[in-house]
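See below for the structure under consideration.
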């Protein structure tokens, strides 16, 4: 993986407007698309009456084998971001540009308000291969970025230093 200077960024901002209407904006060094209208993703029967974040919590909590459900959610999110041709084309061009320049691509997702930020963005599928997650694609990284920080008063602060262990794996490789 390249150093910090070896990354190219692809910023995605999704803002809730009214009802099921959203505004999408994307920017990278090759160009930008601003305030593109979008509608709420169709979660299908996977989520049901739950919110996407509640579905994710329940699925992870019961250690369910939910690959197809996860891909369905990921395809809905991918359809929201990359369904319109000009948005998909900008992403595809930027990914090729980054890789040709020997850089990894960081897709930074800014979601607002909280219910949009809470969607399981890690499940987004690759717009060029809807059978695989974008987070599992080589040379592409997906990062959630908060629009703003909230400092809650009256809560106990965490003692420093705060140690965090993050473990990621690709279970598809284990069986190969």
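In my numbering, the protein residues as written are 635 to 810. For glycine and all other residues, C-beta sits at the position ideal for the given N, C-alpha and C.
- Query: Which residue spans inside the stretch 662-695 form an unbroken alpha helix (DSSP H) run of at least 4?
  - Reply: 678-681 and 686-695
- Would the beta-carbon of residue 739 fall within 7 angstroms of that of residue 732? yes
- Message: I believe residue 642 touches residue 678 by the beta-carbon criterion, under 8 angstroms. Please report the beta-carbon distance rounded to the nearest angstrom.
- Response: In fact, because the Cβ distance is near 33 angstroms, the residues do not count as touching under 8 angstroms.
- State buried or exposed for residue 729, treating a residue as buried only when at least 16 other CB atoms are found within 10 Å of its CB. buried
- Query: What does a CB cutoff of less than 8 angstroms around residue 686 pick up in its chain, not counting 5 residues either side in sequence?
  - Reply: 677, 707, 752, 753 and 754
- Whole angstroms is fine: what's the gap from residue 719's alpha carbon to residue 794's? 47 angstroms
- C-alpha gap between residue 692 and residue 680, whole angstroms: 12 angstroms
- Query: Among 689, 688 and 647, which one has its Cα closest to the Cα of residue 834?
  - Reply: For residue 834 there is no data in the structure shown, the boundaries of the chain being 635 and 810.
- Task: Can you tell me which of 776, 780 and 689 puts its alpha carbon nearest to the alpha carbon of residue 802?
- Result: 776
- Should residue 716 and residue 675 be called a contact, given that it needs their Cβ atoms to be closer than 7 angstroms? no
- Message: Among 723, 745 and 711, whose alpha-carbon lies nearest the alpha-carbon of residue 766?
- Response: 711
- Message: Between the alpha carbons of residue 714 and residue 773, how many angstroms are there, rounded?
- Response: 22 angstroms
- To the nearest whole angstrom, what separates the beta carbons of residue 660 and residue 757, a pair I think is in contact under 8 angstroms? No, residue 660 and residue 757 are not in contact; Cβ-Cβ is about 19 angstroms, not under 8 angstroms.
- Message: Only counting the same chain, and skipping five residues up and downstream in sequence, which positions put a Cβ closer than 6 angstroms to that of residue 741?
- Response: 644 and 776
- Message: Check for me: the beta strand (DSSP E) holding residue 739 runs from which residue to which?
- Response: 738-746
- Query: Run through DSSP, which three-state label would residue 658 get?
  - Reply: strand
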